[in-house]
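Data first, discussion second: the structure below is written as structure tokens.
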Amino acid sequence: MKNDQLAKEILNLIGGEKNVKYVTHCATRLRLNIYDENVVDINSIDKLEGVLKAQFKSGQLQVILGAKVNSVFDEFVKIVDITGNGIEIKEVKTKKNLFSAGLETLAGIFGSIIPVLIGCGMVKSLSAIITATGMLDQTSGFITILNLIGDLIFYFFPFFLAVSAAKKFKTNEFMAIALAGGLMYPTIMDGAKTAAQTGVKTMDFLGLPILFVNYKSTIIPIILAVWALSYVYKKVNSIIPEAFRVLLTPMLVLFIMIPLELIAIGPIGSYLGIYVAKIIQWLYAKSGIVGAFTFGTFRPFLVMFGMHYAVTPINTQLIAEFGQTFISPAQLTGNMSQAGACLGVYILLKNKKKKTGALSSGVTALFGITEPALYGFNLKYKKPMLAAMVSGGIGAAYVNYFGGAGTTLILPGLLALPTYVADRFIHIIIGVAISIGLAMVSTVILGIDEEDDAVIENTDNKNTETSIAQADVSESKEVLKGQVLNSPLIGVVKPLSEVNDPIFSQGVMGNGVAIDPAEGKVYAPFDGTVESLFKTKHAIGLKSENGVEVLIHVGIDTVNLEGKYFTAHIEQGQEVKCGDVLVEFDKDSIKNEGYDTIVPVIITNSDSFSRFNIIGNGEITQYNKLLEVGV
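Below you can see the structure in the form of structure tokens.
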């Protein structure tokens, strides 16, 4: 499915634009705040092609898309109009505890700036690699610019957070930037810098003291200030007559908010952040390797619950206060263990397509993106997940024992290694090696409860497949609680690997085959129920009486035809008999529109069966047996 179509499908299934309060994304997830969660069809979203998983966590709808999230997000924002000054929609109140609401707020604010954080962190890592290897001197112009890029988000953090927080709290973004400017104004920053030498720690405003505080890299002051702005702006705007709002509202809001943030909100937020950092440091120091092991072990659950970015402000505050964060190494080893476990799965798998997917996901995890490995393989096979958790914890404990810490915010992966410090850097390398190696070896030893992946995929090889003669429609029978499936089309059987769509060809949706249709009719391959019928009629989901779930997908990207050239003879929930005509389509017209008409036939619950065989080959009709699945 193309990115623009996926964005449209997601929007339709969440109840349309009017149900979207706020949308952002991180490295792998589309994150949406929803007005009414009850209208969201999360199960259908979860089944969309290209969606790894959909879930409600910490008050957000999270649609996990992997590497394509940026492209889908770009398409999504093209078809929705969500602004801080947009039309107000009455919010459906839902009960949320304070912890959940806090996580939702932090995740929403930081989600928007994650790409910049990652970019700056990666450049910082590149600078560290170049200087450590002696390629360039620290004082060179090139390194100076790299350091400028790497540090700019941390120095000007209040400005970035101001924009993101304004979107979250639905207030004017430029007024929020003005508040950040108030915190970062040279008079305040210079006063904070010289306070220790001059002894002058405050300035006077109408008899009230303004503390000189260094707001560089701070988080809480600007978030609190923008939150207050969202109320003050509305209140002032409601009092001022409409004819004078353009002139008076901004002036009065700034006159109220700038002194308020400098006198009260800023200092309170700054000291709150400092003491939060000190408490976390104290707890981590007291718990030692036990705390590191615990965090490294349960890091995957933070990812699964979408809470891993809620750790970002904690890391930021620790770096601002102490110059390093003690939590970051556990994030690194947690990611590396996911990679190691997935590579262990790669070693064990027999199915070539799944091996390719496992290898790709494992390598991706090495560079910090763990969702494909986590959801696609480790969680699926369970034992690798256990191996990854324990290995990540052990690696984190080792690094912690030798004083490991991170010095910048960066995607925890191999490219980030130069940004970590320890008593000796070799201990960072050893900790990573422990996490990867132990997870991989443990996975291989524990094994996986794999389907029989020795699927006969090359249907042109007559020696490896059994040709089945025509049989009566009624011969579709249960096979060891499994099923024999008749062909749903008349045509020529093709291996799934020939389908020009990786969702199908790489087995992401499940095991199956493809049929090059000779005519435009889709037949029921067994007795069962119509579980789903897409509005565009190009895809049918069936479930047999024995529990086999099948997706019949007519053509590639034919969803874009929006039902044109398709005629459905069934409806969702209808019971069908083997051989019933389900859908008719105009094959020639679809081809003339430029679409591939090959039809993937997928067992979407392949994980439930240990045996999968292709028993049809070459030319086939609706009376021929096509597939066999069994336990």
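Going by my numbering, the first residue of the sequence shown is number 1485, and it counts up by one from there.
By construction, the Cβ of each residue, glycine as well, lies at the ideal position given by its N, Cα and C atoms.
{"Check": "Going by DSSP in three states, Y1865 sits in which element: helix, strand or coil?", "Outcome": "helix"}
{"Check": "By the DSSP assignment, the alpha helix (DSSP H) with R1729 in it spans what residues?", "Outcome": "1729–1744"}
{"Check": "Pick from D1621, Q1489, F1594: whose alpha carbon is nearest that of D1558?", "Outcome": "Q1489"}
{"Check": "Give a yes or no on whether the C-beta atoms belonging to N1884 and G1852 are separated by under 8 Å.", "Outcome": "no"}
{"Check": "With DSSP run on the structure shown, which of helix, strand or coil describes Y2007?", "Outcome": "strand"}
{"Check": "Could you check if I1932 is buried or exposed, using at least 16 other CB atoms within 10 Å of its CB as the buried criterion?", "Outcome": "buried"}
{"Check": "From Q1801 to V1730, what does the alpha carbon distance come to, in whole angstroms?", "Outcome": "37 Å"}
{"Check": "Would S1609 pass as a contact of P1902 if the rule is Cβ separation under 8 Å?", "Outcome": "yes"}
{"Check": "Could you give the first and the last residue of the continuous alpha helix (DSSP H) run that contains A1649?", "Outcome": "1641–1653"}
{"Check": "Can you name, in chain order, every residue of its own chain whose Cβ lies under 8 Å from the Cβ of A1616, other than the five neighbours on each side?", "Outcome": "P1902"}
{"Check": "Here's a check: name, in chain order, each residue in its chain whose Cβ is nearer than 7 Å to the Cβ of S1528, leaving out the five neighbours to either side.", "Outcome": "L1497"}
{"Check": "Measuring alpha carbon to alpha carbon, tell me which of V1976, E2059, I1597 ends up nearest A2008.", "Outcome": "E2059"}
{"Check": "Look up F2069 in the DSSP assignment and give the residues it is bridged to.", "Outcome": "F2050"}
{"Check": "Along the chain, which unbroken stretches of the beta strand (DSSP E) at least 3 residues long are found entirely within the region 1656–1718?", "Outcome": "1686–1689, 1692–1695"}
{"Check": "Out of curiosity, what's the CA-to-CA distance linking K1552 and P1599?", "Outcome": "14 Å"}
{"Check": "For D1530, collect the residues of the same chain with a Cβ closer than 6 Å to its Cβ; drop the 5 residues on either side in sequence, then sort them by chain order.", "Outcome": "A1538"}
{"Check": "Hey, quick one: how far does the alpha helix (DSSP H) through P2001 stretch, first residue to last?", "Outcome": "Segment 1995–2001 is the beta strand (DSSP E) holding P2001; no alpha helix (DSSP H) there."}
{"Check": "What's the C-alpha gap between I1571 and A1662?", "Outcome": "Low confidence applies here, because I1571 scores a pLDDT of 29, under 50, leaving its location unreliable; read the following figure in that light. If I take the Cα positions, the gap works out to 24 Å."}
{"Check": "Shortest alpha-carbon distance to F2038 belongs to which of A1998, G1499, D2011, C2062?", "Outcome": "The question names Phe, yet the displayed sequence has Val at residue 2038. With distances taken between Cα atoms, V2038 lies closest to A1998."}
{"Check": "Distance check for E2046 and A1825, CA to CA, integer angstroms please.", "Outcome": "42 Å"}
{"Check": "Check whether the region 1800–1816 touches the region 1866–1884, counting contact only when three or more Cβ pairs, one atom from each stretch, lie closer than 8 Å.", "Outcome": "yes"}
{"Check": "Identify which residue in Y1699, L1636, I1707 has its Cα closest to the Cα of T1655.", "Outcome": "I1707"}
{"Check": "Tell me which same chain residues have a C-beta within less than 8 Å of the C-beta of S1989, skipping the five on either side of it?", "Outcome": "K1837, L1980, S1981, E1982, V1983"}
{"Check": "Output the distance between the C-alpha atoms of V1556 and M1659, rounded to the nearest integer angstrom.", "Outcome": "30 Å"}
{"Check": "Grouping DSSP H, G and I as helix and E and B as strand, with all else coil, what is I2036?", "Outcome": "strand"}
{"Check": "Using a 10 Å radius around the Cβ and a threshold of 16 neighbouring Cβ atoms, would you call I1929 buried or exposed?", "Outcome": "exposed"}
{"Check": "Beta-carbon separation of L1516 and V1535 under 8 Å?", "Outcome": "no"}
{"Check": "Please state whether DSSP places F1638 in a helix, a strand or coil.", "Outcome": "helix"}
{"Check": "How should A1727 be labelled, buried or exposed, when 16 other C-beta atoms within 10 angstroms of its C-beta is the threshold for buried?", "Outcome": "exposed"}
{"Check": "Measuring alpha carbon to alpha carbon, tell me which of P1868, I1518, I2054 ends up nearest G1499.", "Outcome": "I1518"}
{"Check": "Please identify the residue among N1721, L1746, A1712, D2041 whose C-alpha is closest to the C-alpha of F1696.", "Outcome": "L1746"}
{"Check": "Among L1545, I1593, I1723, Y1506, which residue has its Cα nearest to the Cα of V1523?", "Outcome": "L1545"}
{"Check": "Is the closest heavy atom of the ligand GDP to the C-beta of V1774 under 7 Å?", "Outcome": "Of the ligands one can find in the structure shown there are none, so the ligand GDP has no counterpart to examine."}
{"Check": "Looking at the unbroken alpha helix (DSSP H) that takes in Y1830, where does it start and where does it end?", "Outcome": "1812–1832"}
{"Check": "Between E2003 and K2048, how many whole angstroms is the CB-CB distance? I'm expecting something under 8 Å.", "Outcome": "The pair is not a contact, with the Cβ atoms about 18 Å apart (cut-off 8 Å)."}
{"Check": "Who are Q1967's beta bridge partners in DSSP?", "Outcome": "V2113"}
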